[in-house]
Each structure stands twice: as C-alpha cells, then as structure tokens.
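All remarks here apply to the structure that follows.
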Amino acid sequence: MAASKRVEEGARELSPLASLAARSAASYEPMPNGHEQVDLGLPPGELLDIHRRMLLLRRLEERIGQLYAMGEIGGFCHLYIGQEAVAVGMERATRSDDPVITAYRCHAHMVVRGVAPELVIGELLGKAEGVSGGKGGSMHMFDPARNFYGGHGIVGAQVPLGTGIAFALKYRKTDRVCVTYFGDGAISQGQVAEAFNMAALWKLPIVYVVENNQYGMGTAVDRASAVSALHKRGESFGIPGQEVDGMDPVAVERAGLTALKHARSGRGPVLLEMKTYRYRGHSMSDPALYRTREEVQKVRDERDPISRVAELLVSAGVVDADQLKAVDREIRATVMEAVAAAQAMPDADPAELMTDIYSGGS
Amino acid sequence: MAASKRVEEGARELSPLASLAARSAASYEPMPNGHEQVDLGLPPGELLDIHRRMLLLRRLEERIGQLYAMGEIGGFCHLYIGQEAVAVGMERATRSDDPVITAYRCHAHMVVRGVAPELVIGELLGKAEGVSGGKGGSMHMFDPARNFYGGHGIVGAQVPLGTGIAFALKYRKTDRVCVTYFGDGAISQGQVAEAFNMAALWKLPIVYVVENNQYGMGTAVDRASAVSALHKRGESFGIPGQEVDGMDPVAVERAGLTALKHARSGRGPVLLEMKTYRYRGHSMSDPALYRTREEVQKVRDERDPISRVAELLVSAGVVDADQLKAVDREIRATVMEAVAAAQAMPDADPAELMTDIYSGGS
Amino acid sequence: MREAIRDAMAEEMRRDESVFLMGEEVAEYEGAYKVSQGLLQEFGPERVVDTPITEAGFAGVGVGAAMMGLRPIVEFMTWNFAMQAIDQIVNSAAKTRYMSGGRLGLPVVFRGPNGAASQVAAQHSQDYGAWYAHVPGLKVVAPFDAADAKGLLTAAIRDPDPVVFLEHELLYGDTGQVPDGEHVAELGRARVVRPGRDVTLVSWSRGVSAVLAAAETLAGQDIEAEVIDLRTLRPLDRATVLGSVQRTHRIVCVEEGWPSCGIGAEVIATVSAEAFDALDAPPRRVSGAEVPMPYAAHLEALALPDVETVVRVAREVCYVDV
Amino acid sequence: MREAIRDAMAEEMRRDESVFLMGEEVAEYEGAYKVSQGLLQEFGPERVVDTPITEAGFAGVGVGAAMMGLRPIVEFMTWNFAMQAIDQIVNSAAKTRYMSGGRLGLPVVFRGPNGAASQVAAQHSQDYGAWYAHVPGLKVVAPFDAADAKGLLTAAIRDPDPVVFLEHELLYGDTGQVPDGEHVAELGRARVVRPGRDVTLVSWSRGVSAVLAAAETLAGQDIEAEVIDLRTLRPLDRATVLGSVQRTHRIVCVEEGWPSCGIGAEVIATVSAEAFDALDAPPRRVSGAEVPMPYAAHLEALALPDVETVVRVAREVCYVDV
Ligand SMILES: Cc1ncc(C[n+]2csc(CCOP(=O)(O)OP(=O)(O)O)c2C)c(N)n1
Ligand SMILES: Cc1ncc(C[n+]2csc(CCOP(=O)(O)OP(=O)(O)O)c2C)c(N)n1
Ligand SMILES: [Mg+2]
Ligand SMILES: [Mg+2]
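Protein chains in written order, with numbering that gives the first Met the number 0: chain A, 0 to 361; chain B, 0 to 361; chain C, 0 to 321; chain D, 0 to 321.
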C-alpha cells in the first residue's frame, strides 16, 4: 500500500547541491501522501554551518585514524569519513530533544549532537574522563543528557532499542521522535524486520535511517540483500521509504525534515535510505581489497559532500578559497586542542574495573 | 518488483469448488510472470481421493482430541481440524521426494506424507514404536525416510531449517523442492525474514506456505502484523506471493503446482498464503475465548473443505450421501484400529532415557 | 502464586506509571498461563501490551524503553523462547551500565516460566538459571513460594538493574500466605526454610519442594537437614550457604536443570574452596538428567530429581548405611 | 594456528564433498581473521558461502542442510554474534537426535573465535564455553595449540553430532608443529601437557599458555605442577583430571571466562565430589573478573587471569608461604 503512494514531483530541484551533483544524485522515490515539502530556504550562513560541521567530523576522524595508527587507540575503530553529510544533514533536521541511536560507527553522531570532541577522544584513549569512562571504547559511547543512546557493537541490535525508545516517547505522550541509524549490512538482521513490524503496527514515532555505504564489511549490498533498493525493505510492513542522496547534506536535511514531520505527527515510522560511501576500510584493520582504488577515488572526486558544499559556496560567491582554508585551519586547531586535552586526562583508575556493574557502583 | 507482476485472469474458475464456494473464496493475487497455469483436469476419482484424505485427517485429529481429554496424551497438543485442505492440496502438488517441514501442528502433515497413523498416535502415547520413540511427542515428529523433517516447537525456527534443506537440494544439484510451512504468527519472526532474504538471494528451491488460520494463539492477524496480507511479506525481498483459498483443496493444489514448478525450475522461492481456519483452540488447553462461537460456526457452515468437496461430489453425481457415509465409517474404523495398535505398543523403555543424546547411542 | 505475581505487577503499576507489561498474549488473553489476569482491564492497552511473536525484537524494545527511564516488565511466554532474545538481554541490557561508565542504567525485568512443565518435551523444558547466573550485570531470581514471588518481583521491578525473574509453571497453582499490603523482599538473600544440624540441602524454585519432602523423610530417620532456599541465583548468597555448612559439615545441592556448569556446580565449587576444612563428606549434587527433556511421562519423571534420590544422597553424605 | 584450522577444513572438503563452509566474509574476504584463506579459490562459491549478517538465519540454514546429510561448517565471525543463533544451536541442533528418537542426526560444526581479543570491549569479548558445555547433545571443543586445532577440527567435521568449536583470536597467530598428513584427534580426551607431582593446574584454549608459564615459574620454586589441557569442554574428560588429582592432591583450575557456573565450577565440583578424600587443600579457581570486559588496555589486563595469580594460588594450595 505504502509502495503505491505518490509524492509531489520536483523534490530534487529544491537542493542547491542537486544541480551541481546531478551526475551522481540518486532519483527520489515516492514519499507517502500528505507530506508537505518543507521549504528549507538556505541562506549562505546555513551552508557555511553545514560545511563547518562536516569538516569538523572529517578532521576529527582523520586524526583518530592517525592516533590509531600510532597505537594510542586500540580495539575496533570504525571511521565515518565520507558519510558526513548524513550525520550533519539529519542532525540539522532533528530537534535536540529527539533521541538518536546508532551502531559502532558512532563518533560523528555523538559529536554532531554536541558532545565535546575531547570526550570522544578521551574515551578512545581509555581515559577516566572519556565519555564512557574508558570502559566502552570506540563502539560504546553514550550521552543520555544529549539524547544520544549509543554506540552498539552487535549489528542490528540498536534497531529494536531505538524502536523501544520510540515506544517510550509515545508512552510518555511526547512529540519527540527517535532517529535510529543502521547499515546496509544490518538491514537484513531479523530483529530489524521485527522492529519494523512493531513500529508500523503501533505507529511509533521513529525515523529509520539506513546508511547505505554500499558495503557491510567486505560484502557489497547486492551480495547480501536480495533487493538492493533498501528503502523498499519497509514495504512488507507498510513503512514508507525514500532513497536520498546521502552525499548531499541538504537533500539529507530535507528528507529528514519531511520524515521527522511524518513521524512526529503520529503517522508512524519512515525509512530513509541514504546512499553514501565510506572512504576508509570497514575498520582500521581492513585493507578494503574488495573494491578498487578507482572506485573510491571516483566517489571522492564526484560526490564528496564537503567538496560539493565548498564548491557551491565559492561559486555562489559566499566565500573564497582562502576563507575556506582559514576555516580548515581553525578546525584543525580545534581538533589538535581536543587531542591534547584528551591526552592530558588521567587514565581510568584501576579500581574502576569493578564499578558500574550494578547501580550500587559495583 | 514482484509486487507489480501480473498473472493471467481466470485462475479462480479453474477450481471446481470455486463456484460453490464463491461466496467465501478469496480472490487471487498476482503471480509472477512466466508461470503457465497448470491444467489440473480433475476426474472424479481425484476428488474422491482428496475427500478421503481430508476426512482421514479430520477423524484422526478428532480421536486424538478425545484421547487427550481422557488423559492418555499429555503436554501440548495442537490439532489441525479445519485446515485439512492445505496439507492435502499441497501434498498432492508435491513430489514424494520433495522434503517437507513444519511447526508443532504437524500430525496431518506427517500422515499425508504416508506415515502410518498408529505411529503418530503411538508417539502421542509415549510408546517405544511411536515415530520418535516416545521422546518427541506431539510437537516433535520426524520421518526422514518419507522426507518429513519435523515437527518443531519454536515458532519460526523451522523456516531457516527448511531454507537449509533447500540449500542442500540445490547444493546436490537435485530438482527437488522443499515445502516449508509456518503460521501467521510465525511470519513476523525475524529469522523468517532472514531466511526469505537468503532464499531469494541464492534462488533456492523452496515454497514457503504460510497457513494463515487468522490467529497466532489468541492474537488475530491484524493485531500481530502491520500488513495483514501476508503473501506480501516477501515483497521486500522480491519473493512472489499469492493468496490462496486455503479451504479449497483444489485451489491449494493448483497454487502449489504452480509454485513448485517455479521453484523447481531454479527461479527461486515463492510464498503462498493459505487463508484457512482452525476450528479448535490453539492447543488442547485453549478455550479460545478471543473469538465468538458464531465466527467458528460460520466458517464451518460456509467454508469447511470436507463439506465443500462432499457437496460437489454429490451434486456432480459422483457419489451419493450413503456412499459418503460408508467412506466415513471405513475411515473411522481405520482410525480406531490405529489407536488400538498404538495402545498395544510397549511403553518406551526406561533405559531409553539416556540414549540418542549422541550418535553412539548415548 | 499466579496471583502473587499478578499483584506485584498491578501494585507497582499503580504506584509508578513508568511500569508497564509487554509480551505475547499478556493483554487480551491475560497471559498464556493466566498470570496477567485483569491487568488489561485495569491499565489499558498502552500499559499492557500484546506483542507479535518476536522475542528478539520486543526484548530490545523493552530495553530501549528502559533507556528512556520506563520500567518495562518483559514477559516471555516461557524462557525457552528467550534464547531468541538472549543477545538483547546480555549484550544490550546486562552490559550497558558498565560500557557506558555508569551513565546509562536499565531498569528492566524479564520474567516468565522456566524449566520443565509437564510433558512439553525438549524444546519447551530447559532450565536457564545457570546461563543467566553466569553473567555479571544481571540479577537472577527464582522464587519458590507465593510470598517470595510477590516480594521479590516487587523488588525486581523497583531495582535499577536488569533482573531475570525465573518462575515455574508447575508452581503457578500453588497457594501460600502472602503478607498483607506492600511486601518487598531483598534480592540476593537466601533463606533457611528449615533449620537442621546434620546436613545442608540447598535448592531454589520448585526444587525446594522436593528438598523439603526429603528433609521430612530424613527427620523420620533421625537426620536433621537444614534446607536453604537460594531465592536469588545471582548474586548468590554465599554467606548463608557457607554459614550453614560450617554448622552441618555436609552439603547436597539439588537442581532441576542440567548439572554441567550449573548452579549446583557453582555452589559446590564455592563451598569446596571456602569451607574446605568444615566439610566432613564430599559435597554432592542431585540434578536433572543430562538429556534433552523426553516427552513420555515416565521418561520425563526419570529425568527430574526426585525425593528418594535426595534422601539417598543425603544419607550417603551423612555416612548412614553406605 | 590459523593455517591449521584452514588446512583441516580444506582437507575435509577435499575428502568429502558434503563438507562446506558458510558464514560472514568467509569467501571473498577469506575470513574476517583470514582463517579461510584460499578456500574460495579452491572450492568455489558453492562450497564456500558468504552469508548476509543474519546469524539466526544462517545457523538455521546450516542445521537444515545437515538434516539432508550435508556436513556444514558454520563460521561465526566471533561467538559473541552466535547469541543471536543460540536457539538454532541448542533447540534445533543439539536436541533433534533425542527428540526424534535417534531418527535424525545433525553433523554440523559451529566454529569461530571465542572470548576476549584485544580491547574490543564488552560486547565482543565474552567466553561462551560454560554455556555450551551446559547443554547435552552438543560437543564442545576449545583447542590450545595448532596440532590440536587441526586434529580436533578434523574430528569435529567427521563427527555425526553438532560440535561447538571455540577458537581464540589471540592464538590465531601462534605457530606450532602439526603432524604431516591426515591428523585426527579424539574428541573428549584431555591431555597432560606437563607432568608434575605437587599440584594439578587445569585449563584449556589460551588459558593453557598462562598455566604453562606459571608451571615454569613454580618449577623454579621447587613446585612441580602437572598441567592439563582439557581440549574438550563437553564431554569433560573427568578421568584424566581425577587421575591427576589422585597423584597431586591439589588442583587449581584457570579460565578466562566468568567464574559463576563456569567450566572451573564444573571441574572443581566434580573433583570435590569424586576425589574428596584425595584432596589435601581447597580446590581453587582462577578466572576472569566478573565484569563485562572493559575497553581500556590496563583495565582489560586486570580483567583476565595472569601468570602471577596462577602462581600465587598454586603456592597457596601447596601451603607455601601462606
Ligand atoms: C550480529 C553481528 N554479526 C556480525 C558482526 C561483525 N560485523 C561488525 S560490523 C559488520 C558489517 C556491518 O555492515 P553495515 O551494517 O553495512 O554497517 P557499516 O559498517 O557499513 O557502517 C559486521 C559483519 C557484528 N558486530 N554483529
Ligand atoms: C519463539 C516462540 N515464541 C512463542 C512460542 C509460543 N507459541 C507457540 S505457538 C504460538 C502461536 C503461533 O501462531 P501461528 O504461527 O499463527 O501458528 P498456528 O498455531 O496458528 O498454527 C506461540 C506464541 C513458541 N513456541 N516459540
Ligand atoms: Mg555498510
Ligand atoms: Mg495461526
């Protein structure tokens, strides 16, 4: 039923990046009836904000990659480089009291929520003041005060959790919406289907965002999913789905706003498929031999969200190349300071080994 | 994609029961392209066979219900009464070397496969010669020699198992197809979605049959499933689905033949939704207060598969009422003999407690 | 006992509107075992929620709701079906407080009947006590009588940590005194249900009834058994067990589940290490047979510990006619 | 050890065309930990099968394939993810031979790395040995060295019953002699890897390396420890352990996993009951800390048993400077 609903034409033109990026932007899929298109009205200041936020994520993750290579960070570490448009676009669409939950590739989602970069880095360094006290590491970071609920290492498990968060939002009769992220690999997990069914059955306020970065570890989407148009995965449950150019932060924001409005108004879940890409390996230990250098380079050249926004800013005369360089310098400095601050934190106390198992502190 | 495929019109007319039953027969859903309709050509003898097989299941289950009420059978016991057209119609469509697997409501599926009723009853009585040596009981019966693989108590778990059987059939390069049954409640289980995805991805030779008897225990379909047209549950995976009047054995057989042909030819899985009904409670201990007597009576009056076939046989002049009564007497006698034979079997030996844990016998 | 469990839930739902019940058939059907009778009527479908048959999914939904501060009671129709959800129970519920450095606690109760019922065979008769008791971050409760069922479930619902609450279908029909008014028992405390000086008999849940019967028989044979009901399997009340063994110098632990890596193994290993010098006889276990549960009634009876075996083993450790 | 596991699979696949490997990233990626290197190339995508990330589903597919007489090797990228599939492993695989009265056996191997790796934190570091060893119908193997990895895996693949094969990521890189040609070890047999007369030290998998190091240290302190590698956790080779304790009169069991209801509990409970009179000191356990595994390297180190603790406890049970 949802599959046969139709949306107004012309959504694509609304993104200022769309014309620039027309060669790679994916076409829009039907959205459910009754959605008004949100007029984003993007003054130059907003685009600058988008650019700055994405660049912070990029520089932060690059630095984390270096710290990992230097042996200062251990375990599994999954970088977000390439996917920045998704976290930034969705965050801009989301209210700060809307809870967010994702998997292990979570540094970016935390930082866009407003968690200080040094707390994230501190966690990666196993510091007492790390956002999880050094006990969680890269995959397990939480900040309930900022409505961020992790940071989960079991593929797909955060989807029922996010659905439960949405259940609580409805139970409490709030108008908040939970944004639940997962990957193209995760979408085949049975508990994701189970969660979809409950969310649709109970009309829960939730926006599911599948970050389709084309690979689950080394497996390309079409080797893992019988239908590779992942936004159709909600069809069997009547969940409206939309494909979005996940390399275009404005398209993401707009799709996010529409979807959030739908969910917030009590009409139940929406599934957004963000077509995106990760430039790095799955985790720091993955040489990514399952794809060619050329494939990665082509995306970097043609679809990189930061370059696309930068190009637009320059071509529209909002800023010039020098000003962008200055922004980059500033952000790099911010990241350096965050690293220094994190490195200066004390290590988690050995006595912490036996705390936080139960509420009493032990 | 599958959802948009169209099938030839007129399928309904092909069933001799369809006109009789037009008031209740569900309309056919699109089937995948490329299916030829199978011409069933039903000589009277075939209809008599269908009638006889369904009646055997009915009388057998009725007798099992009595034995349960008398305390001779224990544990959970789920009767098939009302659903006979599904097992019989599908069995007629299936080759005897096509493996079959189902859940705990399995007596009928075994018996249509050719397992002697006394072996089933013996199992229910905990006898040494019961089909599982008295160790499995009502829910756990297996007969690999007749290509019957259980008999499973965990809702949904048999669906990946059946998919694995299909995997083996393909691995061995056979032209056999696995028929995997499950309920309307089971269809929401995550592992069912996982299995659907793999079956579609790998084009496994499998026909999924959801016996939609309207309730999963006390829960009506639309309280458990966001989309109550269950044959659409494969859409997200590109699995063609069809709704079938599961109270019409000829419609079942025809749909089964078409689906089996599709799967046998290497084109992958099909999902058949059999709209059927159980007259008894979920298990022997369920008073079924979640529905009215009238609801049950109406189905019995209007859609009962055995009455429908009997009516057709009489109205077509194949047999008269007396002859049908004679058939019934004969079948009742068969069931009585089977019960007597089962009761005469020795109890499972106490030493059997510690055997069959591992292959060595212990 | 059925009513005791229902009353604990109802009273906590009245007291605290963040408490709700979810699971298969809990609302309109009032529970597959009629444990939630009347709850839908009193609290409505928003707080008594029928779920699809999707254990992994709805357990995760419960844990997610707890992340937002609700206090879900997640019913599994039986614990056998919770194997599908065990990843959410262990990885999402038990570990999150620790993984978050204490920033996120999860007040969720998972409950339902555990272990063997009557002739429901292998897939419906497993005892999961040992598995859950293995896991730090979980509390595991297994009450024997109605008063404890109510007091411990009330405590579990109020507890800020995930609690696994193991009921027993064959105890649901038992009747017993339940204190009037609010009744909260303490998690983590075993109870000496019958004092004695000759041998310590330890059990929990339905095992206690076999042990009490054995103690009665033994008393007629001049052996005074001390019977301990563990009540909570994690944290284990080691002090109560060790204290008893210091007095009796002998111990037999009785469990319905499989012995390998079971609760009995833990009790015996603890006593052996920490009360070695107090022991005057080998510490012993009586347990369910190491087989998937058979269907046939007479085989099933052989697979479960019986009073005679408990008596025999107790006499053996007392070195009577051995 | 990586190569030993690979070779066992490759040789069995050559020998028997019903053997195949399935799991996440086993084919094109050649294994997340590179255990299946070269297998896709040699055997093709029909026998080396990449699956979607659907543990419950593909474990079930493996069990179903075994129902038809294939011999699937189901790889879990790590055992942590097998919690999602544990219902299929236990209810469908372990119990079916029994439930069918012996009519249907399931020759399936489930394998992958188990327990803690390096700083991968709580959800990726659990040791599942005790859970699986609890379950009749399963055989559970946990090899320490390369030769055993090959010999035991070969035996597991040939075994007609479901086998849980627990590898250890931190052992994958270890090198060791593997006998030339076909090498099949017997399931269910422990091995005395170092004889000694003063104290029995029991472990398995990576725990053996800490224990061997401790034995070396102890030897320098005039304590001759006998080191036993259990190799198979179910069935447990009780005879070898009991025989050793009859000689040494002391036992320490060392495990990386959580102690409650662990393998150590089973070993100690067995010894206490069956070799009570032989014991000259309390039987002791050294185990992982009872916490979800922390991320920070220095906390993680504290959470795992170390050589010093093994030495200290061994000296304690020998009553040296206590
Ligand atoms: C249940 C489970 N199975 C397997 C893994 C191992 N694993 C971690 S990430 C991953 C790939 C997930 O891919 P995707 O969902 O596309 O997310 P992405 O990494 O691309 O962001 C796998 C298989 C896991 N963590 N959990
Ligand atoms: C995983 C699991 N959850 C719950 C149950 C309890 N249970 C047994 S049958 C059943 C209802 C299944 O309904 P459906 O799939 O429609 O099959 P039907 O009984 O109607 O044939 C439930 C909830 C179970 N056996 N397994
Ligand atoms: Mg991906
Ligand atoms: Mg049903």
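No residue lacks a Cβ here, since even glycine has one placed at the ideal position from N, Cα and C.
Going by beta-carbon coordinates alone, are Glu233(D) and Lys149(D) separated by less than 7 Å?
Locating residue 233(D) in the fourth sequence gives position 234, where the first residue counts as 1. Locating residue 149(D) in the fourth sequence gives position 150, where the first residue counts as 1. Here residue 233(D) is Arg; the residue named in the question, Glu, does not match the sequence. Contact: no.
Rounded C-alpha distance that separates Glu210(A) from Ala218(D):
For the purposes of this step, residue 210(A) is taken as the residue at position 211 of the first sequence. For the purposes of this step, residue 218(D) is taken as the residue at position 219 of the fourth sequence. If I take the Cα positions, the gap works out to 57 Å.
Drop a sphere of 10 angstroms on the beta-carbon of Gln322(B), count the other beta-carbons inside from all chains shown, and report buried for 16 or more, exposed for fewer.
Taking the first residue of the second sequence as 1, we reach residue 322(B) at position 323. Flag for Gln322(B) reads exposed.
List the residues of chain D whose Cβ lies closer than 7 Å to the Cβ of Val89(C), in chain order.
As a working mapping, residue 89(C) is identified with position 90 in the third sequence. Ordered by position in chain D, the residues that pass the 7 Å Cβ test against Val89(C) are Met82.
What does the alpha-carbon distance come out to for the pair Asn119(A) and Ala339(A)?
Residue mapping note: residue 119(A) aligns to position 120 of the first sequence, counting from 1. Residue mapping note: residue 339(A) aligns to position 340 of the first sequence, counting from 1. The amino acid at residue 119(A) is misidentified as Asn; the sequence shows Val. Taking the straight line from one Cα to the other gives about 12 Å.
Report the three-state DSSP secondary structure of Phe275(D) (helix, strand or coil).
Residue numbering aside, residue 275(D) sits at position 276 when the fourth sequence is read from its first letter. Helix at Phe275(D).
Which complete alpha helix (DSSP H) runs does the stretch 290-314 of chain D hold, if anything under 4 residues is left out?
296-302
Under the assumption that Lys134(B) contacts Pro304(C) (Cβ atoms under 8 Å), give the Cβ distance between them as a whole number of angstroms.
Taking the second sequence and counting its residues from 1, the one referred to as residue 134(B) is at position 135. Taking the third sequence and counting its residues from 1, the one referred to as residue 304(C) is at position 305. Between Pro304(C) and Lys134(B) the Cβ distance is about 20 Å, and since that is not below 8 Å, they are no contact.
Which word fits Tyr171(C), buried or exposed, when buried means at least 16 other C-beta atoms lie within 10 angstroms of its C-beta?
By one-based count along the third sequence, residue 171(C) stands at place 172. When all chains shown are included, Tyr171(C) counts as buried.
Can you tell me which residues form a DSSP beta bridge with Cys252(D)?
Residue 252(D) sits at position 253 when you count from the first residue of the fourth sequence. DSSP lists Val201(D), Arg284(D) as partners of Cys252(D).
When the Cα of Gly129(B) is compared with those of Val134(D), Gly128(D), Glu307(D), Met98(D), which residue comes out closest?
Here residue 129(B) corresponds to residue number 130 of the second sequence, with the count starting at 1. Residue Met98(D) is the option with its Cα nearest to Gly129(B).
Stretch pair the stretch 87-106 of chain C + the stretch 218-230 of chain D: three plus CB contacts closer than 8 Å:
no
Neighbouring residues (CB closer than 6 Å to any heavy atom of ligand 5):
Ligands in the displayed structure: ligand 1, ligand 2, ligand 3 and ligand 4; ligand 5 is not one of them.
Chain C beta carbons: is any one of them nearer than 7 Å to that of Phe166(A)?
As a position in the first sequence, residue 166(A) is number 167, starting the count at 1. So yes, Phe166(A) belongs to the interface.
Who pairs with Thr173(B) in a beta bridge, going by DSSP?
Along the second sequence, one-based indexing puts residue 173(B) at 174. Bridge partners of Thr173(B): none, in fact.
Integer Cβ distance of Ala81(D) from Glu54(D), believed to fall under 8 Å
Residue numbering aside, residue 81(D) sits at position 82 when the fourth sequence is read from its first letter. Residue numbering aside, residue 54(D) sits at position 55 when the fourth sequence is read from its first letter. With 8 Å as the limit, Ala81(D) and Glu54(D) qualify as a contact, their Cβ atoms being about 6 Å apart.
Would you say Gly128(D) and Ile262(D) are within 7 Å of each other, going by their C-beta atoms?
Taking the first residue of the fourth sequence as 1, we reach residue 128(D) at position 129. Taking the first residue of the fourth sequence as 1, we reach residue 262(D) at position 263. Yes; because the gap between Cβ atoms is below 7 Å, this pair is in contact.
How would you call Pro291(C), buried or exposed, if buried means at least 16 neighbouring beta carbons within 10 angstroms?
Start at 1 with the first residue of the third sequence, and residue 291(C) comes out as number 292. Burial call: buried.
Do Ser131(A) and Met138(A) have their C-beta atoms closer together than 7 Å?
Locating residue 131(A) in the first sequence gives position 132, where the first residue counts as 1. Locating residue 138(A) in the first sequence gives position 139, where the first residue counts as 1. Their beta carbons are not under 7 Å apart, which means Ser131(A) does not touch Met138(A) by this criterion.
Asp97(A) and Arg175(A) closer than 7 Å at C-beta:
By one-based count along the first sequence, residue 97(A) stands at place 98. By one-based count along the first sequence, residue 175(A) stands at place 176. Their beta carbons are under 7 Å apart, which means Asp97(A) touches Arg175(A) by this criterion.
Quick one: what's Lys126(A) bridged to in DSSP?
Against the first sequence, residue 126(A) aligns to sequence position 127. Paired residue(s): Asp346(A).
From the DSSP output, read off the bridge partner residues of Asn211(A).
As a first step, residue 211(A) is located in the first sequence; it is residue number 212 there, counting from the start. Asn211(A) pairs with Lys274(A).
Please list the residues of the stretch 260-271 of chain D that have a C-beta atom closer than 9 Å to any C-beta atom in chain C, keeping them in chain order.
Cys260, Gly261, Ile262, Gly263, Ala264, Glu265, Val266, Ile267, Ala268, Thr269, Val270, Ser271
Do we get a CB-CB distance below 7 Å when we pair Ala154(C) with the residues of chain A?
Taking the first residue of the third sequence as position 1, residue 154(C) is located at position 155. For Ala154(C), the answer is no, since every Cβ of chain A falls outside 7 Å of its Cβ.
Regarding Val73(C) and ligand 2, is the C-beta to nearest heavy atom distance less than 6 Å?
On the third sequence, position 74 is the one that residue 73(C) refers to. Result no, Cβ not under 6 Å from ligand 2.
Report all residues from its chain with a CB closer than 8 Å to the CB of Gly265(B); omit the five preceding and five following residues, and keep chain order.
Locating residue 265(B) in the second sequence gives position 266, counting from the first residue. So the qualifying residues of the chain are Lys202, Pro204.
Report the residues of the stretch 95-106 of chain D with a CB closer than 7 Å to any CB of chain B, ordered along the chain.
Arg96, Tyr97, Met98, Ser99, Gly100, Gly101, Arg102, Leu103, Gly104
Starting from Thr354(B), find everything on chain D with Cβ-Cβ shorter than 9 Å and list it in chain order.
Locating residue 354(B) in the second sequence gives position 355, where the first residue counts as 1. Per Cβ cutoff of 9 Å: Tyr97, Gly100, Gly101.
Kindly list the residues whose CB is nearer than 6 Å to the CB of Val280(D), restricted to its own chain and excluding five residues on each side of it in sequence; keep chain order.
To locate residue 280(D), count along the fourth sequence from 1; it is residue 281. According to the sequence shown, residue 280(D) is Ala rather than Val. Closer than 6 Å at Cβ, skipping near neighbours: Arg249, Val316.
Residue range of the alpha helix (DSSP H) that Pro248(B) falls in?
Your numbering for residue 248(B) matches position 249 in the second sequence. Taken as a continuous stretch (DSSP letters only), the alpha helix (DSSP H) holding Pro248(B) covers 248-263.
What would DSSP say about Tyr180(B), mapped onto helix, strand or coil?
To locate residue 180(B), count along the second sequence from 1; it is residue 181. Note: Tyr180(B) maps to strand in three-state DSSP.
Members of the stretch 49-75 of chain D that neighbour chain A once the beta carbon cut-off is set at 7 Å
Asp49, Pro51, Ile52, Thr53, Ala55, Gly56
Mind checking the stretch 287-307 of chain C against chain D and listing, in chain order, the residues whose C-beta falls within less than 7 Å of any C-beta there?
Glu289, Val290, Pro291
Could you give the residue range of the beta strand (DSSP E) that holds Ile227(D)?
As a first step, residue 227(D) is located in the fourth sequence; it is residue number 228 there, counting from the start. Segment 224-228, the beta strand (DSSP E) holding Ile227(D).
May I ask you to list the residues that DSSP assigns as paired with Asp49(C)?
Translated into positions along the third sequence, residue 49(C) becomes position 50. According to DSSP, Asp49(C) bridges with Gly22(C).
Give the residues of chain A in contact with Pro135(C), contact being defined as C-beta atoms less than 9 Å apart.
In the third sequence, counting from the first residue as 1, residue 135(C) sits at position 136. Going along chain A in sequence order, the residues near Pro135(C) (Cβ under 9 Å) are Ile356, Tyr357.
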